[in-house]
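In my numbering, the protein residues as written are 20 to 101. The beta-carbon is built from N, C-alpha and C at its ideal position, and this holds for glycine as well. Computed from a prediction, not measured in an experiment: that's the story for all the values here. One structure is given here, and the rest of the page talks about it.
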C-alpha cells in the first residue's frame with residue numbers, strides 16, 4: 020500500500036482558486052438575479068441565503084488565491100531565514 024502525495028504548486032493553486040471563485044461568483048449572481056422574479060417570501064429568503072453562501076465561498080477562494088499568489092511571488096514562506 021503506497022500512499023502517493025499530490026503536490027500542487029502555488030501557481031496551480033492560484034489558478035484553481037481563480038476558476039473556483041468564478042464558478043462561485045456565477046452561482047451567486049444567479050441567486051441574486053433571481054430575487055426579482057420570486058414572489059413567495061420563503062423562496063426569496065432561500066434564494067438570498069443561497070446567493071450569500073456562494074458569495075462567501077467566492078471570498079474564501081479569493082483569500083486562498085491571494086495567499087497562493089503571495090507564496091508564488093515569494094512574499095510568504097521564503098526560506099531565506101538566517
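>> So for residue 43, helix, strand or coil by DSSP?
In response: helix
> Do you know offhand how far residue 9's Cα is from residue 96's?
Replying inline: As displayed, the chain neither begins before 20 nor continues past 101, which places residue 9 out of reach and without an answer.
> Which residues in the same chain as residue 36 place their Cβ atom closer than 8 Å to its Cβ, once the five residues preceding and following it in sequence are excluded?
Replying inline: 80, 81, 83, 84, 87
>> For residue 57, which residues in the same chain have their Cβ closer than 7 Å to its Cβ, ignoring the five residues on either side in sequence?
In response: 63, 66
> In three-state terms, what does DSSP make of residue 64?
Replying inline: helix
>> Going by C-alpha to C-alpha distance, which of 27, 23, 46 sits closest to residue 76?
In response: 46
>> In this structure, how does DSSP classify residue 78 when only helix, strand and coil are distinguished?
In response: helix
>> Can you look up residue 30 in the DSSP assignment and give me helix, strand or coil?
In response: helix
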